[in-house]
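Beneath this line is the structure, given in structure tokens, with notes to follow.
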Amino acid sequence: MIRKIILFFIVALAASSCENDIQAVMELDAKKAAVENGEDIVTIFSQGGKVTAKLLAPTMERSLERPPYVLFNNGLKVFMYNDTLGLESTLSAKKGKYMEDEGDVFLSDSVVVINKKGERLDTKELNYDPKRKIFYSREEVFIKTPTDSLHGWGLEANEDFSVKKILKVSGPITVEDSASLQ
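Taking our numbering, I'd label the letters of the sequence shown as residues 357 to 538.
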């Protein structure tokens, strides 16, 4: 009989210690529900009924918390097109973050951009400002063209990378003679 009473108290004690705080459970569920995940991502961007870009990524994580954002932690590649679907440039990075409300894009880790002229930009970090419609960086940048190699710190470029400016140039620069252009 004493064994049964002791066993009853042990079971009662165990059952009473397994109580969950309902608020903690709800907060945990809210955090889990605030994230969407995807694999083998293909996103087509269009404006005015015309395709402007295509994004490919192996994985994507979308946070629904405020402010909402999308993470690409396993790399991404973006193909940017002109009005006739001609390829203007490609962009790749190992990591990316897109702020949904503002439209800002932050790319990092081995960022490479190649435009249709064959010019290549390499940097650790590249950002996109949708209000000014420019890409920019404050990090070290390397630009390789068919005829030259440029190095510096900081960059501003238009959306298709046809116009770009290194903010603080470092190293030799080849300048074409204007008389030879005529």
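All C-beta atoms, glycine included, are put in the ideal place defined by N, C-alpha and C.
Buried or exposed for residue i, going by 16 or more other Cβ atoms inside 10 Å?
i	result
I400	exposed
L477	buried
N393	exposed
T501	exposed
N514	exposed
S402	exposed
S518	exposed
V497	buried
G452	buried
L443	exposed
L523	exposed
R505	The identity of residue 505 in the sequence shown is Ser, whereas the question assumes Arg. Exposed, because fewer than 16 other Cβ atoms sit within 10 Å of the Cβ of S505.
L463	buried
A413	buried
T503	exposed
A449	buried
According to DSSP, simplified to helix, strand and coil, what is residue i?
i	result
G394	strand
D465	strand
L441	coil
E458	coil
N430	coil
R494	strand
Along the beta strand (DSSP E) that carries residue i, what are the first and last residues, could you check?
i	result
K453	451–455
L412	406–419
D485	476–485
May I ask you to check if the CB of residue i is nearer than 8 Å to at least one heavy atom of the ligand NAP?
i	result
N483	The model depicted lacks the ligand NAP and carries no ligand whatsoever.
Fully enclosed by the stretch 498–532, which alpha helix (DSSP H) runs are 4 residues long or longer?
Uninterrupted alpha helix (DSSP H) stretches at least 4 residues long and entirely within the stretch 498–532 do not occur.
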